[in-house]
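Each remark here refers to the structure printed beneath this line.
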Amino acid sequence: MCMDDCCSTTSRRDFLKLSAMLTAAGAVPLLSSLQARAAAEPDAPVRIGYLPITDATPLLVAHNNGLFEAEGIKAERPVLLRSWAQVIEAFISGQVNVIHLLSPMTVWARYGSKVPAKVVAWNHVGGSGLTVAPDITDMKQLGGKTVAIPFWYSIHNVVLQQMLTDNGLKPVSKPATAQLADNEVNLLVLPPSDMPPALASKRIAGYIVAEPFNALAENLKVGRVQRFTGDVWRNHACCVVFMHEHDLNNRPEWSQKVVNAIVKAQHWTREHRAEAAALLSKAGPNKYTPHEPAVLTKVLAPSVDDRAGYIASGAIQHQQWDEKRIDFQPYPFPSYTEELVKRLKNTLIVGESDFLAALDPAQTARDLVDDRFVRNAIAAVGGPAAFGIAENFQRSEEFAV
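Under mature numbering (1 follows the signal peptide of the UniProt record, and there is no 0), read the sequence shown as residues -38 to -1, 1 to 363, first letter to last.
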């Protein structure tokens, strides 16, 4: 983890890089590289790009447990990347062909940058939280302060802004030196790994991000969880599995095997949570992440006492939902995509976002997602009941601050 000056410089560089790719013209050189690589490697193996967060769990478990090979396809060692800018750049240029990506980023990639790729499954549900400085106990105390988000196109940004608004606060994006009104909360984009040190140094008052960086702040005693995002938007997708259309259309059998392996990894993880935490940790055989086993266990296999504490503190307010801190369910519900598009239209997003106005939520849900492969994969592990979802693959969205 870096110090403040490094965090600021790197974050600004990553944000500018993503902003440059935000237009279709900006993505053209990378898309040319993708097409060239696809033509040169028609039988390319699975190449996974990931961040060291629990969102990547199914992809890493599938690799660790040999599930791709069990399906009869080759898989290279997953590539650890540092920021969302690196993930999307590696994907658009064809360096990797299977990624976990923030669900709103897929909307930006397909419609803002014209990237020919689709969501083929959800990677996980929940798995994120709003962590604040230890002396903050109420959302209203964030007025006049700065809160970090991982990217503008993130479920974290969408949920946080609704929480702020419902508490009479106004999300803004201003320079770090700007004076903030008492009801304003300045949003700052930071890579997940930079958030705990920024909170510890009091550069920010809080952050909303994927695990295990909320659990890490708890273990380091530099922050406390104010609210879990899954307690605001029930079973929301955070990261989804994103794949290139040229693979889905030209290598449908290969694509089916990739999705089969990921779905089987999710099914296995639901039943082996503590084991999954161990294999993902720095103590695991492949050292996929730099995190201690105890931090990952707190997320993947929390104790009954942990849950009771979160209910008492208000981090969990809808205990009847019986949400897991992170859970795994692969089906990409259209109702979620529709609701996401509606909410993105009413969320502060810095940079080019004009394309959102033209998106029809229902049409976007049909076009952005290709659920052919995941339906087959779910059937192969016992059907929707294996993941506790409805047989008709439908649900209603529940969002309650």
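Glycine residues also receive a C-beta, built at the ideal position from the N, C-alpha and C atoms. Bear in mind the structure is a predicted one, so any value in this text is a computation, not a measurement.
For this session: Could you pull out every residue in the same chain whose Cβ sits closer than 8 Å to the Cβ of THR16, ignoring the five residues on either side in sequence?
Result: Taking C-beta separations shorter than 8 Å and ignoring five residues to either side along the sequence, the partners of THR16 in its chain run HIS86, GLY89, ALA172, GLU173, PRO174, LEU242, LEU258, VAL261, LEU262, ILE288, following chain order.
For this session: Would you mind working out which of ASN181, TYR250, THR299, PHE349 sits nearest THR93, comparing C-alpha positions?
Result: That would be ASN181, whose Cα lies nearest to the Cα of THR93.
Exercise. Which value, in whole angstroms, describes the spacing of the CA atoms of CYS(-32) and GLY345?
Worked result: In this prediction, CYS(-32) has a pLDDT of 37, which is less than 50 and means its spatial position is unreliable; what the coordinates show is noted afterwards. C-alpha of CYS(-32) to C-alpha of GLY345: approximately 45 Å in a straight line.
Exercise. In the structure shown, what three-state DSSP assignment does PHE295 receive?
Worked result: DSSP places PHE295 in coil when its eight states are reduced to three.
Exercise. Is THR127 helix, strand or coil by DSSP?
Worked result: If DSSP states are grouped into helix, strand and coil, THR127 belongs with the helices.
Problem set entry | Under the three-state DSSP convention, the category PHE349 falls into | Note: PHE349 maps to helix in three-state DSSP.
Problem set entry | CB of TYR293 within 9 Å of CB of ILE351, strictly | Contact annotation: TYR293 and ILE351 have beta-carbon atoms nearer than 9 Å.
Problem set entry | Assigned exposure category for SER65 - 16 Cβ within 10 Å defines buried | SER65 counts as buried, since at least 16 other C-beta atoms from the protein chains shown sit within 10 angstroms of its C-beta.
Exercise. Taking the alpha-carbon positions, what's the GLU215 to ASN222 distance?
Worked result: In this model, GLU215 and ASN222 are separated by some 10 Å (Cα to Cα).
Exercise. Where PHE335 and VAL23 are concerned, what is the direct C-alpha to C-alpha distance, given to the nearest angstrom?
Worked result: The straight-line gap from Cα to Cα measures roughly 19 Å.
Exercise. Any idea what DSSP makes of VAL343, helix, strand or coil?
Worked result: Correct three-state label for VAL343: coil.
For this session: Return the first residue and the last residue of the alpha helix (DSSP H) that VAL257 is part of.
Result: Segment 255 to 262, the alpha helix (DSSP H) holding VAL257.
Exercise. From the DSSP output, which residues share a beta bridge with TRP84?
Worked result: Partner(s): VAL202.
Exercise. How many Å lie between LYS307 and LYS286 at the Cα?
Worked result: Straight-line spacing of the CA atoms in LYS307 and LYS286 works out to 29 Å.
Exercise. From which residue to which residue does the beta strand (DSSP E) around VAL69 run?
Worked result: Careful: VAL69 lies outside any beta strand (DSSP E), inside the alpha helix (DSSP H) at 65 to 69.
Exercise. Considering only the beta carbon of each residue, do VAL81 and THR299 sit closer than 9 Å?
Worked result: Yes. Within cutoff.
Exercise. Where DSSP assigns a beta bridge to LEU150, which residues make up the other side?
Worked result: Paired residue(s): ALA110.
For this session: Note the first and the last residue of the continuous alpha helix (DSSP H) segment covering LYS219.
Result: Its alpha helix (DSSP H) spans residues 214 to 233.
For this session: Can you tell me which of the three DSSP states PHE290 falls into?
Result: DSSP places PHE290 outside both helix and strand once states are collapsed to three, so it counts as coil.
For this session: Pull up the CB-CB distance for ASN197 and GLY91, whole angstroms please, since I reckon it's below 8 Å.
Result: GLY91 and ASN197 do not touch by the CB rule: their CB atoms are close to 15 Å apart, not below 8 Å.
For this session: Flag this pair as touching only if the stretch 51 to 68 and the stretch 182 to 194 have three or more C-beta atom pairs under 8 Å; answer yes or no.
Result: Here the stretch 51 to 68 does not lie against the stretch 182 to 194, with fewer than 3 beta-carbon pairs under 8 Å apart.
Problem set entry | C-alpha distance - ALA339 paired with ALA199, whole-angstrom precision | Using only the alpha carbons, I get a separation of about 18 Å.
For this session: Mark LYS226 as exposed unless 16 or more other C-beta atoms lie within 10 angstroms of its C-beta, in which case mark it buried.
Result: Here LYS226 is buried, its C-beta having at least 16 other C-beta atoms within 10 Å.
Exercise. To which residues of the same chain is ALA1 closer than 7 Å at the C-beta, ignoring the five residues directly before and after it?
Worked result: The answer is none, since no qualifying residue turns up.
Exercise. Is the stretch 105 to 118 in contact with the stretch 143 to 159, if contact means three or more CB pairs nearer than 8 Å?
Worked result: Flag = yes, the stretch 105 to 118 and the stretch 143 to 159 touch.
Problem set entry | Continuous beta strand (DSSP E) assignments of at least 3 residues falling wholly in the stretch 129 to 194 | Entirely contained in the stretch 129 to 194, the beta strand (DSSP E) runs reaching 3 residues are, in chain order, 132 to 134, 146 to 151, 168 to 172, 186 to 190.
For this session: Name the residue from GLY168, THR326, ALA162 whose alpha carbon lies nearest to the alpha carbon of VAL151.
Result: When each option's Cα is compared against that of VAL151, the closest is GLY168.
For this session: Within its chain, find whatever has a CB closer than 8 Å to the CB of ALA(-12); leave out the 5 residues flanking it on each side and keep chain order.
Result: Closer than 8 Å at Cβ, skipping near neighbours: MET(-18), ILE54, SER75, LYS76, VAL77.
For this session: Count the other CB atoms, across all protein chains shown, that sit within 10 Å of the CB of GLU33; report buried if there are 16 or more and exposed otherwise.
Result: Burial check for GLU33: the Cβ neighbour count within 10 Å reaches 16 or more, so the residue is buried.
Exercise. Is the Cβ-Cβ distance between ASN27 and TRP230 less than 9 Å?
Worked result: The answer is yes: Cβ separation under 9 Å.
For this session: From the DSSP output, read off the bridge partner residues of SER90.
Result: Paired residue(s): ALA172.
Problem set entry | Exposure of SER358, with buried meaning 16 or more beta-carbon neighbours within 10 Å | In the assembly as shown, SER358 is an exposed residue. Its beta-carbon has fewer than 16 other beta-carbons within 10 Å.
For this session: Name the residue from GLN281, ALA138, SER155, MET157 whose alpha carbon lies nearest to the alpha carbon of ASN148.
Result: The option with the nearest alpha carbon to ASN148 is ALA138.
Exercise. Are the CB atoms of VAL49 and VAL121 nearer to each other than 9 Å?
Worked result: Taking C-beta atoms as the reference points, VAL49 and VAL121 fail to come closer than 9 Å.
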